[in-house]
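The block underneath contains the structure these notes are about, expressed in structure tokens.
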Amino acid sequence: MEQLGAADPRRVGGYRLLGRLGAGGMGQVYLARSDRGRTAAVKLVRAELAEQDEFRRRFRHEVRAAQRVGGVWTAPVLDADTEAPVPWVATGYVAGPSLYGVVARDHGPLAERSLRVLTAGLALALKDIHTAGLVHRDLKPSNVLVTIDGPRVIDFGIARALETVADGGLTRTGAVIGSPGFMAPEQVRGSRVEPPCDVFALGSVLAFASSGRMPFGNADSGAHAQHLLRDPDPADVRKLLDAARGTAVMCTLATELPGGISS
Numbered sequence: 085m086e087q088l089g090a091a092d093p094r095r096v097g098g099y100r101l102l103g104r105l106g107a108g109g110m111g112q113v114y115l116a117r118s119d120r121g122r123t124a125a126v127k128l129v130r131a132e133l134a135e136q137d138e139f140r141r142r143f144r145h146e147v148r149a150a151q152r153v154g155g156v157w158t159a160p161v162l163d164a165d166t167e168a169p170v171p172w173v174a175t176g177y178v179a180g181p182s183l184y185g186v187v188a189r190d191h192g193p194l195a196e197r198s199l200r201v202l203t204a205g206l207a208l209a210l211k212d213i214h215t216a217g218l219v220h221r222d223l224k225p226s227n228v229l230v231t232i233d234g235p236r237v238i239d240f241g242i243a244r245a246l247e248t249v250a251d252g253g254l255t256r257t258g259a260v261i262g263s264p265g266f267m268a269p270e271q272v273r274g275s276r277v278e279p280p281c282d283v284f285a286l287g288s289v290l291a292f293a294s295s296g297r298m299p300f301g302n303a304d305s306g307a308h309a310q311h312l313l314r315d316p317d318p319a320d321v322r323k324l325l326d327a328a329r330g331t332a333v334m335c336t337l338a339t340e341l342p343g344g345i346s347s
């Protein structure tokens with residue numbers, strides 16, 4: 085966590101800001117504490133996005149949907165003000181490292197038991213997200229936090245507010261919503277983004293967690309797009325995984341399945 089800077093607010097709604105947790109395409113994320121003493125992560129939308137009526141409309145819709153997500157495998161949406169001059173949303177704070185940090189920096193590939201816990205938790209999280217009518221759109225190791233009793237998925241659904249063309253998946257700068265290395269072929273093509281895209285991302289995350297390597301090579305967006313658009317043989321992924329772990333992962337990484345796949 086970084087200290088607050090001179091330009092950072094000290095309060096947002098009923099929350100006192102304690103420090104910076106990070107930043108993304110939508111805005112800055114702060115560690116905060118409510119007036120009742122609950123610790124939260126508060127995401128403050130970038131001012132230039134707040135000025136766009138279409139963004140506000142989508143943000144309002146996605147926050148309402150995110151508030152319906154239940155279950156224990158996600159960071160719950162606690163509060164939000166979508167009508168504030170600078171909109172914000174507060175979620176439960178998860179005190180744990182990201183899956184990316186655990187695998188890439190701290191411990192390496194997960195052991196089989198840990199991988200099973202991860203798989204079950206992420207699958208249940210996606211079930212809850214999809215039941216609420218949302219698609220995560222950006223499931224990746226840095227959006228999975230690891231706790232003593234299992235994973236927690238963060239940043240679900242809100243990414244759609246960055247889109248400007250319905251079903252197109254493009255931002256105003258022409259970037260595809262999602263992260264290279266974990267996006268489904270549909271996202272790369274700019275097709276409609278639906279729950280099977282999250283299931284593909286789940287497979288990519290599990291492949292990374294079990295091998296410590298990107299499932300389709302490096303994270304370069306151009307290389308990843310070319311690989312996926314060639315309809316890669318999932319056998320490429322099998323080379324990264326042992327047989328016991330690979331079977332479940334392979335099912336989610338097929339780029340062409342009759343009728344698609346869902347959670």
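Each residue of the sequence shown is one higher than the last, beginning at 85 in my numbering. Beta carbons are placed, not taken as given, at the ideal position from N, Cα and C, and that holds for glycine. Please read all numbers here as calculations on a predicted model, not as lab measurements.
Between the alpha carbons of residue i and residue j, how many angstroms are there, rounded?
| i | j | result |
| --- | --- | --- |
| Q271 | D222 | 10 Å |
| R117 | E167 | 21 Å |
| E135 | G121 | 32 Å |
| G97 | V147 | 16 Å |
| R299 | H220 | Contrary to the premise, residue 299 reads as Pro rather than Arg in this sequence. Roughly 20 Å separates the two Cα atoms. |
| P264 | T123 | 31 Å |
| E196 | V230 | 16 Å |
| V170 | H145 | 16 Å |
| G180 | A216 | 25 Å |
| P225 | D119 | 32 Å |
| A131 | D190 | 36 Å |
| V153 | G109 | 23 Å |
| M85 | N227 | 16 Å |
| A204 | I232 | 14 Å |
| P93 | Q112 | 11 Å |
| L115 | G185 | 19 Å |
| L325 | L133 | At L325, the pLDDT of 47 sits below 50, so the modelled position is not reliable; the number obtained from the coordinates is stated separately. Cα-Cα distance, rounded: 41 Å. |
With respect to 7 Å, is the separation between the Cβ of residue i and the closest non-hydrogen atom of the ligand MN below this value?
| i | result |
| --- | --- |
| A204 | Annotation note on the ligand MN: not contained in the displayed structure, which lists no ligands. |
Could you tell me if residue i is buried or exposed, where buried requires 16 or more neighbouring beta carbons within 10 angstroms of its beta carbon?
| i | result |
| --- | --- |
| A90 | exposed |
| V237 | buried |
| G103 | exposed |
| E138 | exposed |
| D212 | buried |
| I242 | buried |
| Q87 | exposed |
From the DSSP output, which residues share a beta bridge with residue i?
| i | result |
| --- | --- |
| E132 | Beta-bridge pairing links E132 to no other residue. |
| T175 | A125, V161 |
| Q112 | A107, L128 |
| R117 | R100, T123 |
| S182 | L229 |
| E86 | R104 |
| R95 | R100 |
Using beta-carbon positions only, say whether residue i and residue j come within less than 8 Å of one another.
| i | j | result |
| --- | --- | --- |
| P235 | L202 | yes |
| V129 | L101 | no |
| D282 | L210 | yes |
| S294 | F266 | no |
| V173 | V161 | yes |
| L208 | A150 | no |
| F284 | A268 | yes |
| A164 | G176 | no |
| G353 | V187 | The first residue shown for the chain is 85 and the last is 347, placing residue 353 beyond what the model contains. |
| L194 | L286 | no |
| R95 | A245 | no |
The alpha helix (DSSP H) with residue i in it runs from where to where?
| i | result |
| --- | --- |
| Q271 | 269-273 |
| L202 | 196-215 |
| R288 | Note on identity: in this sequence residue 288 is Ser, with Arg being the wrong assignment. Residues 279-295. |
| V147 | 137-150 |
Starting from residue i, follow the beta strand (DSSP E) in both directions and report where the run begins and ends.
| i | result |
| --- | --- |
| R104 | 99-107 |
| R236 | 234-237 |
| L229 | 228-231 |
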